[in-house]
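Chains as they are written, first to last, in the UniProt record's numbering: chain A, 1 to 223; chain B, 1 to 335. What follows is a short report on a single structure.
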């Protein structure tokens with residue numbers, strides 16, 4: 001059996017389309033996740049114990065919502081979200097139908113990571129900025145976020161990789177993508193060659209994301 | 001410049017009130033270097049942070065430059081903080097910003113100066129603290145002493161009237177400590193800046209402070225000019241701090257002198273008297289013999305002082321004592 005016959009089942013055009021779908025879902029959901037998750041993470045941090053807006057009730061409420069969303073398996077979230085997704089995008093199918101559940105699934109996760117990254121910032125930095133006469137807004141924008149930047153970039157990297165694995169389930173709503181291809185052809189039709197190609201491509205994608213993220217972290221760490 | 005009227009602070013921890021600062025009166029005159037010394041937990045850090053209201057008092061009035069800061073709202077408070085610089089034990093520089101950007105930060109936050117003026121101010125501040133060549137570096141590339149110099153430049157950026165120093169030299173080695181303290185003393189003189197510093201090292205007080213307050217368990221237990229407090233400590237806490245720098249235990253010393261004949265006195269000279277040839281004069285005039293058991297000549301800020309323990313025998317002891325008492329010398333008869 002030579003290589004050509006081994007990859008007989010692989011339709012490279014289909015693979016290319018699936019790769020595009022995965023990248024679209026990843027890119028689209030990552031942007032919204034960061035846009036929504038960053039403020040949520042900052043809010044979680046500020047309401048937390050001994051922080052600037054310390055508020056037990058608000059913190060507990062936010063924490064509860066975040067925990068509930070994080071404890072839902074993504075595959076369930078995908079289905080539960082369908083009515084809301086239709087409302088938002090007009091469809092529950094395809095790439096557009098997958099992005100809202102991806103964002104809702106990843107945002108609480110990302111927000112927690114942001115909260116942790118902000119907690120890593122030395123309290124003394126906040127105190128020093130306060131002592132300069134900074135407003136709370138200035139403390140967040142000029143001190144907290146820049147100081148936590150390496151941690152936030154690491155959080156984005158981890159979130160992006162989590163989103164890659166979530167996209168594999170998006171086939172349930174017909175969003176396509178590499179994971180969907182692997183399940184439908186590789187698993188359900190026993191086409192091992194398709195399985196191998198898609199898994200290798202996902203692996204490469206994750207590796208690329210991780211090394212780009214790591215490089216950015218190093219670049220922005222001035223330690 | 002800074003006044004405390006009945007200022008007190010209580011923390012609520014696990015449902016119980018823990019007093020951090022008992023009702024305190026304090027006056028820090030303009031242009032002075034005022035030291036607060038105490039062990040950790042004595043309340044000095046709380047007291048310092050009440051001045052720029054990083055801590056809120058539980059009661060009492062804090063007055064800075066004639067204004068009651070305890071009555072300030074958010075906007076006035078920000079303005080106050082721009083006029084009160086602060087430096088920290090662990091420097092608290094922003095790791096993500098260059099040295100120049102760290103120094104510029106208070107000016108950018110205040111938003112009153114145009115960019116060019118900020119750059120000029122930053123350049124002159126960095127030159128003042130001797131870091132002109134390091135403007136483009138990040139804090140992690142600097143030594144501890146250099147980081148504290150950046151901290152000082154940053155604290156001075158908004159041209160404050162008061163500088164608060166929170167254990168500013170506690171993380172530095174002795175040599176670096178000396179150079180940072182010298183810088184603080186120079187700034188105090190050149191800019192007529194009022195400096196309040198807290199420390200647990202009597203040596204820091206001795207080198208730069210004009211006045212000192214000793215704190216213990218949330219109270220100021222002794223206060224006065226550094227030379228007076230240093231040379232004639234009254235409260236047990238003060239005595240312990242002074243002994244730590246002298247590295248002498250008084251009881252031990254007395255035991256060692258048990259076999260020494262004659263009376264034992266301790267003479268304390270201050271200022272010009274330190275260099276006067278008093279001992280020889282008195283010995284010749286009254287016929288007493290003396291031997292020096294212990295002695296130290298040093299400086300307190302700019303004032304020279306000497307402290308000497310002598311055994312005196314023979315001759316006219318009373319006349320000798322009278323001569324010492326008449327001279328500009330403080331005498332204690334130990335035995």
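Note that CB positions come from ideal geometry on N, CA and C, so glycine has one too.
{"query": "To the nearest angstrom, report how far apart residue 180(A) and residue 186(A) are at their CA atoms.", "result": "9 Å"}
{"query": "Locate the beta strand (DSSP E) running through residue 268(B), then write down its first and last residues.", "result": "263-270"}
{"query": "With a threshold of 9 Å between beta-carbons, can residue 222(A) be considered close to chain B, or not?", "result": "yes"}
{"query": "Give me the DSSP bridge partner(s) of residue 211(B).", "result": "34(B) and 225(B)"}
{"query": "Check residue 281(B) in the structure and name its three-state DSSP category.", "result": "helix"}
{"query": "Look at the alpha carbon of residue 166(B) and the alpha carbon of residue 87(B), and state the distance between them as a whole number of angstroms.", "result": "6 Å"}
{"query": "When the Cα of residue 31(A) is compared with those of 102(A), 62(A) and 19(A), which residue comes out closest?", "result": "102(A)"}
{"query": "Confirm, please, whether the CB-CB distance from residue 3(B) to residue 27(B) is below 9 Å.", "result": "yes"}
{"query": "Check whether the region 40-50 of chain B touches the region 90-101 of chain A, taking contact to mean three or more Cβ pairs, one atom from each stretch, closer than 8 Å.", "result": "no"}
{"query": "Starting from the C-beta of residue 359(B), find all residues in its chain whose C-beta is less than 6 Å away, skip the five residues before and the five after it, and write them out in chain order.", "result": "Here chain B covers residues 1 to 335 and nothing more, so residue 359(B) does not appear."}
{"query": "What are the residues that DSSP puts in a beta bridge with residue 164(B)?", "result": "86(B) and 196(B)"}
{"query": "From the DSSP output, read off the bridge partner residues of residue 1(B).", "result": "Note: residue 1(B) sits in no beta bridge, so no partner."}
{"query": "What residues are listed by DSSP as bridge partners for residue 8(B)?", "result": "59(B)"}
{"query": "Pull the bridge partners of residue 134(A) from the DSSP assignment, please.", "result": "Its beta-bridge partners do not exist; DSSP assigns none."}
{"query": "To which residues of the same chain is residue 90(B) closer than 8 Å at the C-beta, ignoring the five residues directly before and after it?", "result": "171"}
{"query": "Around the Cβ of residue 92(B), are there at least 16 other Cβ atoms within 10 angstroms (buried) or fewer (exposed)?", "result": "buried"}
{"query": "Assuming residue 107(A) and residue 33(A) make a contact with CB atoms under 8 Å, what is their CB distance in whole Å?", "result": "5 Å"}
{"query": "Inspect the CB distances between the region 182-201 of chain A and the region 5-24 of chain A and report whether three or more fall short of 8 Å.", "result": "yes"}
{"query": "Looking only at its chain, what residues have a beta carbon closer than 7 Å to the beta carbon of residue 129(B), apart from the 5 residues adjacent to it on each side?", "result": "149, 152, 153 and 183"}
{"query": "Just mark residue 120(A) as buried or exposed, buried being the case when its beta carbon has 16 or more other beta carbons within 10 Å.", "result": "exposed"}
{"query": "So which of 170(A), 177(A), 38(A) and 208(A) has the shortest CA-CA distance to residue 109(A)?", "result": "38(A)"}
{"query": "When Cβ atoms are compared, which residues of the region 148-161 of chain A fall closer than 8 Å to chain B?", "result": "149"}
{"query": "Residue 308(B) by DSSP, collapsed to three states: which one?", "result": "strand"}
{"query": "Taking residue 39(A) as part of the alpha helix (DSSP H), name the residues at either end of that continuous run.", "result": "12-47"}
{"query": "Kindly list, in the order they appear in chain A, the residues whose Cβ is closer than 9 Å to that of residue 82(B).", "result": "132 and 133"}
{"query": "Using a Cβ-Cβ cutoff of 8 Å, what residues of the region 113-128 of chain A are near chain B? List them in chain order.", "result": "122, 124, 125, 127 and 128"}
{"query": "Are there 16 or more other CB atoms within 10 angstroms of the CB of residue 164(A), so buried, or fewer, so exposed?", "result": "buried"}
{"query": "Short check: CB of residue 227(B) to CB of residue 197(B), under 9 Å?", "result": "no"}
{"query": "Identify which residue in 211(B), 159(B), 286(B) and 16(B) has its Cα closest to the Cα of residue 191(B).", "result": "159(B)"}
{"query": "Please confirm whether residue 297(B) and residue 306(B) have their CB atoms less than 9 Å apart.", "result": "yes"}
{"query": "Which value, in whole angstroms, describes the spacing of the CA atoms of residue 100(A) and residue 113(B)?", "result": "45 Å"}
{"query": "Do you know offhand how far residue 143(A)'s Cα is from residue 129(A)'s?", "result": "7 Å"}
{"query": "In the structure shown, what three-state DSSP assignment does residue 170(B) receive?", "result": "coil"}
{"query": "Below 7 Å on C-beta distance, what does residue 106(B) contact in chain A?", "result": "132"}
{"query": "Would the region 150-157 of chain A count as touching the region 208-218 of chain A if we require 3 or more Cβ pairs under 8 Å?", "result": "yes"}
{"query": "Counting only C-beta atoms, is residue 49(A) closer than 9 Å to chain C at any point?", "result": "Looking at the structure shown, chain C is missing, and the protein chains on hand are A and B."}
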